[in-house]
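Structure first, commentary second.
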Amino acid sequence: MLCVSIVALLLFSSAFTGNGISPSVGHYAPRFSVGSEDTSVSLEDCRGKYVVLSFWTAADARSRLRCKKMTSVVDRINSLQTDAEEKVCFVAVNFDRSYELFREIVRRDNLDDDTQFYVEGEVAGRLRRDYDLDSGYNTFLINPEGRIEAVNPSSDYLTQNLSL
9 MLCVSIVALL LFSSAFTGNG ISPSVGHYAP RFSVGSEDTS VSLEDCRGKY VVLSFWTAAD
69 ARSRLRCKKM TSVVDRINSL QTDAEEKVCF VAVNFDRSYE LFREIVRRDN LDDDTQFYVE
129 GEVAGRLRRD YDLDSGYNTF LINPEGRIEA VNPSSDYLTQ NLSL
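Residue numbers (the numbering used here): 9 to 172.
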C-alpha cells in the first residue's frame, strides 16, 4: 500500500511541475516574450499567424543549421504571399555563452537581426523549462490558434503546409 501511495504521489506531483503546459504536438505552446535593444516579440504578437520558433546555440551544430535553414524557408514562404502581410512569424532564440558570440554567428550566417534574439538568465531558464530544451534545441511550428503543430518540422513540411 505504501508503494502505491508513493507512486500515486509522484505521478500527481509531476503532472503539476513547471507551468503545466507540455511542449508537444497538439498542446498549446508555452507563452514567450523575447527582446533586444531594437525590437521584441511575444507569442501574442504573432496570433493569427503561423509561428516558427527555433531555439539554437553555436555549440549545437544541428540547431544552428536548422535555424539557418528555417530562416530561408520562412522567407521564401512569406515572399509568395500576394498581400503585404506575412503569413509566418519567425522567431529564433539563442542561448550562447556570450552576446558577442551570438552577434558573430548572426553576422557569419547572414541571419536577419529582426528575427534573432539572445537570451540569458531568468528568461533563458524559463524558456529552457517551458520548452523542455534540456532534451535538445528544437524548432516548433505553432498554428494561428497557438497550438504546437510540429516539432522539428522539415523544410518540405513547412513548404507544403504553409504555402497555401
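All residues carry an ideal CB built from backbone N, CA and C; glycine is no exception.
It should be emphasised that the depicted structure is a prediction, and the values quoted were computed from it without experimental measurement.
Just checking my contact of residue i with residue j at CB under 8 angstroms: how many whole Å lie between their CB atoms?
{"i": "V99", "j": "L61", "result": "5 angstroms"}
{"i": "N102", "j": "Y126", "result": "5 angstroms"}
{"i": "T123", "j": "T79", "result": "7 angstroms"}
{"i": "G159", "j": "N146", "result": "Gly is not the amino acid found at residue 159; the sequence shown has Val there. 5 angstroms between Cβ atoms; contact."}
Would you kindly work out how many angstroms separate the C-alpha atoms of residue i and residue j, rounded to a whole number?
{"i": "K77", "j": "S71", "result": "10 angstroms"}
{"i": "G56", "j": "E94", "result": "11 angstroms"}
{"i": "F20", "j": "D117", "result": "Because F20 carries a pLDDT of 34, less than 50, the predicted location of this residue cannot be relied on, and the following value inherits that uncertainty. So the alpha carbons of these two residues sit roughly 45 angstroms apart."}
{"i": "A16", "j": "H35", "result": "Low local confidence applies: a pLDDT of 34 at A16 is under 50, so the model's placement there is unreliable, and no value is given."}
{"i": "S22", "j": "L88", "result": "For S22, the pLDDT reaches just 33, beneath the cut-off of 50, and the residue's location in the model is therefore unreliable, although a value from the coordinates is still provided. Taking the straight line from one Cα to the other gives about 44 angstroms."}
{"i": "V49", "j": "W64", "result": "17 angstroms"}
{"i": "D53", "j": "V42", "result": "11 angstroms"}
Just list the residues that DSSP pairs residue i with in beta bridges.
{"i": "Y145", "result": "Paired residues: none, contrary to the question."}
{"i": "Y139", "result": "The partner list for Y139 (beta bridge, DSSP) is empty, contrary to what the question assumes."}
{"i": "L61", "result": "V99 and F148"}
{"i": "Q124", "result": "A100"}
{"i": "G43", "result": "S48"}
Just to confirm, is the Cβ distance from residue i to residue j under 8 angstroms?
{"i": "G154", "j": "L51", "result": "yes"}
{"i": "L170", "j": "I113", "result": "no"}
{"i": "F110", "j": "P31", "result": "no"}
{"i": "A66", "j": "D104", "result": "yes"}
Can you name the start and end residues of the beta strand (DSSP E) that residue i belongs to?
{"i": "E93", "result": "Neither: E93 is in no beta strand (DSSP E) and is coded neither H nor E."}
{"i": "E52", "result": "Looking at the DSSP string, E52 is not in any beta strand (DSSP E), and its letter there is neither H nor E."}
{"i": "S171", "result": "S171 -> no beta strand (DSSP E), and no H or E assigned at all."}
If you follow the alpha helix (DSSP H) that residue i is in, where does it begin and where does it stop?
{"i": "V33", "result": "Counting along the chain, V33 falls outside any alpha helix (DSSP H), and DSSP gives it neither H nor E."}
{"i": "E157", "result": "Where E157 is concerned, there is no enclosing alpha helix (DSSP H), although the beta strand (DSSP E) it sits in stretches over I156 to V159."}
{"i": "R115", "result": "Y107 to R116"}
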